[in-house]
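Take a look at the structure set out below.
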Amino acid sequence: MLAAFRGLPRILLIFSLVLNSTLGADTGCDDWILNGNDGVCCKKCKPGNRLVESCGRDPEKLCTPCEPGTYVNNLKLSCLRCTQCIGNQFTHKPCTISSDTVCGCKDGYRCGNNKCSFCVDECKVGEEPTKERSCRKCPEGKFNDKIHSVCKEWRKSCPDGQTLVKGNVTSDSTCIYLEGKKKIQENITWMASNIEKKKTLSPLQSCAQVNWIYILK
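Heads up: the sequence shown is residues -24 to -1, 1 to 193, going by mature numbering (1 follows the signal peptide of the UniProt record, and there is no 0).
Dropping the structure here:
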């Protein structure tokens, strides 16, 4: 009989814990382990609750809700103040009892770090970001064809039979074939040579030949 009464406090404690969990209260401990015969130790507070004591008899008193404007996302003794989005930021997701505010950046700006705790100018094509969080034009010999990216070196050589055409701040140097231009130049040279040979041509015919050369140029 005495053995049965000795186990009664533990039975009552377990019954109380089960009853509290079924009530769905917003305060207190959400997950715990038994600590001897007369108490529990909290493993996890309910959402938006901070830890008051690690162990005790009543799990509802081990955690307490955070104050308005604060949050907690772990088993901590203190709540954290919600981040305020300011300046060029806007609120992407508002603060909740268990998570901080998520900020974004307005058009023309972008997040300066993974947490988006500040915004920087968004660099356009032909520009690159600086350590001072501003933008600068790509220097001579470099280009950038992407938004907010680092300038890259121009191409410096081409395969045989192609000619390098200089790039600019938004596009790389390119390689082109000059066969068509080369043939035009050969025709101009050939026609000029024929004009020299045909001294007997009338002034009107000579003028027509020269006009053809001018058109081909």
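Glycine included, each C-beta is placed from N, C-alpha and C at the ideal position.
Within the same chain, and ignoring the five residues on either side of K82 in sequence, the residues whose Cβ sits closer than 7 angstroms to its Cβ are N64 and F66. Of all alpha-carbon atoms in D136, C99 and L154, the one lying nearest the alpha-carbon of C127 is that of C99. Residue Y47 holds the alpha-carbon nearest to the alpha-carbon of L27 among D14, G12, R109 and Y47. G88 is not bridged by DSSP to any residue.
In this chain, the beta strand (DSSP E) harbouring K69 covers Q65 to K69. Annotation for V141: the continuous beta strand (DSSP E) segment containing it runs Q138 to V141.
With fewer than 16 other Cβ atoms inside 10 Å of its own Cβ, N50 counts as exposed. Within the same chain, N120, D121, K122, I123 and T146 come within 7 angstroms of V101 by CB-CB distance, once the 5 residues on both sides are set aside. From the listed residues N144, K37, K91 and C31, the smallest Cα separation to K113 is found for N144. Closest option to I73, judged by alpha-carbon separation, among E108, R131, K20 and C42: C42. The Cβ atoms of C17 and C31 lie closer than 7 angstroms to each other. Of all alpha-carbon atoms in Y153, C79 and C95, the one lying nearest the alpha-carbon of G137 is that of Y153. In the DSSP assignment, R26 falls within the beta strand (DSSP E) that extends over N25 to L27. Exposure of N90 is indicated by the presence of fewer than 16 other C-beta atoms within 10 angstroms of its C-beta. Cβ atoms of C5 and L38 come within 8 angstroms of each other, at about 5 angstroms. Residue burial annotation: P105 is buried, with at least 16 other C-beta atoms found within 10 angstroms of its C-beta.
Straight-line measurement puts the Cα of R131 at about 14 angstroms from the Cα of P115.
Secondary structure of E36 (DSSP, three-state): helix. Secondary structure note for I9: its beta strand (DSSP E) is the uninterrupted segment C5 to L10. Its Cα nearest to that of G12, the residue R33 stands out among E29, G24, R33 and K19. Between G45 and C58, the CB-CB gap stays under 7 angstroms.
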